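Under full-length UniProt numbering, the first residue of the sequence shown is numbered 1, with each subsequent residue one higher.
Every residue, glycine too, gets a C-beta built ideally from N, C-alpha and C.
These figures come from a predicted structure and were not determined experimentally.
The structure under discussion appears below in the form of C-alpha cells.
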Amino acid sequence: MNHQPVYYTEHRVRFEFRKCRKLVEKQKAGTVYICLYVKGHEIELFSSQIRCAAADWQGRGKPRAPESVKQLERALVLIKESAYNAARSLHADGKVITPSAIREEMEYASQPLLRAEEVFKKFLDFKRQQIGPDRAELRSVGQICKGTFRQYEHRWHAFCLFLKARRKEKILLSAIDQPLIQQFYYSMLNQSVSASTATKRVKIVTELCQWAYREGLIREFRLGGFRGQALAANLPYNVSEEEVLRIESIEMPTTLACVRDGWLLARELCLHFGDYIDLKPQHFVVDKQGRLLFDKARNKQEAGRNIRQASIVSERAMSIWYRYGQQIPCKMHNSGYGRYLKEIGAVAELSQPLIFSHARDSGIFRLVASGCPEFVIRLAAGWTTMKQLSRYVNHDRRLLETYQAPAVYMGHAVEQASPYGSLVRRDKSVLPVTVDEKSLWSSS
C-alpha cells in the first residue's frame with residue numbers, strides 16, 4: 001500500500017496516516033492516527049482506533065507480507081473509503097465540508113444499526129434518571145413519578161408482544177414506519193383495548209423515535225404522525241401526500257398563499273402535536289444544529305411544574321416557519337379563511353374542500369398570525385363551550401375587557417386602544433366584573 005498522502009480532488013480533501021510512537025500514555029502507543037486536510041481549514045488529527053506493531057507498520061506495501069500486515073492494509077483501505085464516502089455524502093447534502101464534519105460522518109457510519117429494544121433500554125435509563133418523589137409538589141422541573149415510569153414499561157411491553165406475534169422481535173428502530181404503527185393500533189382495537197389506551201401505546205413509539213433522533217442515534221424516522229382512529233378519518237390528517245405536494249406546487253396570490261401555508265403548517269403541527277393547546281410562536285426554539293424544536297408543556301399539570309418536552313418538527317413545517325420569518329400574516333378574524341380554503345381546494349382539484357377539522361387546528365393556524373390577542377388564541381385552541389369560556393374569562397380581567405370590546409381586536413391594534421375604554425358602555429355605565437353565558441355573547 002502506498003503510504004504517500006492521498007488527494008481527493010473533487011472535495012479538496014487530503015489525508016495521510018501517521019503512527020504514534022512517543023506518547024506518555026502507553027495505551028495510545030502504536031495507534032494509527034489520521035491527518036485530515038481540507039482546503040481552507042486547519043489540519044485535524046484523530047485516532048483511527050487501529051493499533052499495530054512497528055514491524056507491521058514498516059512492512060506495508062512490501063511483497064510477500066505476513067497476514068498481520070495484510071489485515072492492517074485492509075483496515076486502512078476501509079478507513080480511507082469511509083472518509084471519501086463521508087465527504088461525498090456531505091457534498092451531496094450541500095453541507096460545508098470540514099475535517100470535523102467528515103469525522104462526525106465517519107463516526108455515524110461506523111455505528112451499528114440499533115434494534116428498537118436496545119434503544120428503548122437506553123431510553124428507559126434516561127427516564128429512570130428523571131424519577132422523583134411521588135408527590136407532585138415535591139418534584140422539581142423535569143422529574144416524573146414512579147407510576148409514570150411504569151407506564152412506559154407497560155406500553156412498550158404491549159408493542160413487544162405485537163412484534164413477537166409478527167416475528168419481528170429484532171426489528172431495527174429505523175425500520176419502524178407508519179404502516180407498522182397503524183397495524184399495531186388497529187390490532188389493539190381488535191383486542192378490545194380502548195382507543196385512548198391504544199393511542200397512548202402508539203405515542204410511546206413516537207416519543208422513543210423523537211428521543212433517539214435528538215440523541216443522534218438515528219438520522220430520520222418515518223412514523224407519519226399517526227394519531228389514531230378518531231383523527232385519522234378527518235381533515236387535515238386524511239389528505240394524502242400527493243395531494244399535499246399538489247397544493248404546495250400551485251402558484252397563488254399572496255392572500256391565498258399565506259392561508260394555504262397556514263393550513264399546511266397547521267396540518268404538519270397537528271400530525272405530531274394534536275394534543276397540545278394554547279400554542280404560541282414562543283414555543284418554537286432553534287437548537288445548536290439549526291433544527292426547529294417544539295418546546296411546550298403537554299398539559300396543565302406539567303405547565304404548573306414548568307416541565308417541557310422538546311420535539312423536532314417536520315421539514316415542511318420548518319420551511320414554512322422560516323419562509324415567513326416565524327409569522328404568517330393574515331387577517332385578525334376568521335371570516336375569510338373558509339372561502340379562501342375552498343378556492344385553494346378547487347384550484348388543486350381536490351375531491352373535498354380544505355377545512356379545519358376542529359377548533360384546535362384553526363387555533364394552531366392563528367397562533368402564528370401576527371398580533372392576535374391571547375384570548376383569540378385560547379378560544380381557537382379548544383375553549384369552545386360556553387361554560388368553559390365563561391369560567392375562563394371571569395378569571396382574567398384583561399380577557400373580560402377584550403370580550404366586551406370586539407373593536408379592540410377587529411379594528412386597530414391593541415396598543416392604540418384605550419386601556420379603560422372597554423370597561424365603559426356607551427351610556428357611561430361601568431361593566432360588571434363577571435359575565436355569565438348569555439352576556440358573554442351579547443353586544444356591548
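Between the beta-carbon of residue i and the beta-carbon of residue j, is there less than 8 Å?
i	j	result
Glu243	Arg316	no
Ile171	Ala212	no
Ile247	Ile344	yes
Ile181	Val202	yes
Arg166	Phe149	no
Leu113	Gln178	no
Glu107	Ser89	no
Ala55	Gly30	no
Ile50	Val69	no
Which two residues bound the contiguous beta strand (DSSP E) that contains residue i?
i	result
Gln49	Glu44 to Arg51
Ala284	Note that residue 284 is Phe in the sequence shown here, rather than Ala. It spans Phe284 to Val286 - the beta strand (DSSP E) in which Phe284 sits, taken as one unbroken run.
In terms of alpha-carbon separation, which member of the options lies closest to residue i?
i	options	result
Phe46	Gly61, Ser100, Val96 and Glu207	Ser100
Cys35	Val259, Thr98 and Ser192	Thr98
His41	Val96, Glu343, Thr148 and Val193	Val96
Trp321	Phe284, Phe120 and Asp295	Phe284
Ala175	Ala195, Val119 and Lys342	Val119
Val77	Ser48, Ala55 and Ser187	Ser48
Leu189	Phe162, Tyr84 and Phe149	Phe162
Lys342	Trp263, Gln289, Val313 and Leu293	Trp263
Cys258	Arg323, Phe126, Glu81 and Lys200	Arg323
Asn85	Arg103, Ser68, Lys70 and Arg74	Arg103
Leu126	Glu207, Pro66, Met252 and Gly94	This sequence places Phe at residue 126; Leu is not what is there. Checked all of Glu207, Pro66, Met252 and Gly94; the closest Cα to Phe126 is Glu207.
Tyr37	Lys80, Ile50, Ala75 and Gln183	Lys80
Ala221	Glu241, Gln352, Ser314 and Leu138	Ala is not the amino acid found at residue 221; the sequence shown has Phe there. Comparing Cα positions, the closest option is Ser314.
Thr254	Arg139, Gly147, Tyr340 and Gln58	Tyr340
Ser82	Asp93, Ala92 and Ser110	Ser110
Gln183	Ser194, Glu169 and Ala198	Ala198
Gly147	Ser140, His157 and Arg135	Arg135
Gln352	Ser192, Asp261, Asp287 and Val239	Val239
Ala87	Ser187, Lys168, Lys39 and Leu354	Lys39
Give the C-beta separation of residue i and residue j to the nearest angstrom, bearing in mind that I take them to be a contact with Cβ-Cβ under 8 Å.
i	j	result
Phe159	Ile204	7 Å
Arg60	Leu72	7 Å
Leu293	Ser311	7 Å
Leu173	Cys209	7 Å
Arg155	Lys121	At roughly 15 Å, the Cβ-Cβ gap does not stay under 8 Å, so Arg155 and Lys121 are not in contact.
Ala346	Ile250	With a Cβ gap of about 11 Å, Ala346 and Ile250 do not count as contacting.
Starting from residue i, trace the alpha helix (DSSP H) in both directions and tell me its first and last residue.
i	result
Thr197	Ala195 to Glu215
Ile102	Pro99 to Ser110
Val38	Per DSSP, Val38 belongs to no alpha helix (DSSP H); it is in the beta strand (DSSP E), Thr31 to Val38.
Glu241	Glu241 to Ser249
Val77	Glu67 to Ala92
His41	Unbroken run through His41: none, as it is neither H nor E.
Gly147	Lys146 to Ala165
Ser319	Glu315 to Arg323
Pro179	Gln178 to Asn190
Leu124	Ala116 to Arg128
Gln58	Ala54 to Gln58
CB of residue i to nearest heavy atom of the ligand ADP: below 7 Å?
i	result
Glu42	With respect to the ligand ADP, the structure offers nothing, as it holds no ligand at all.
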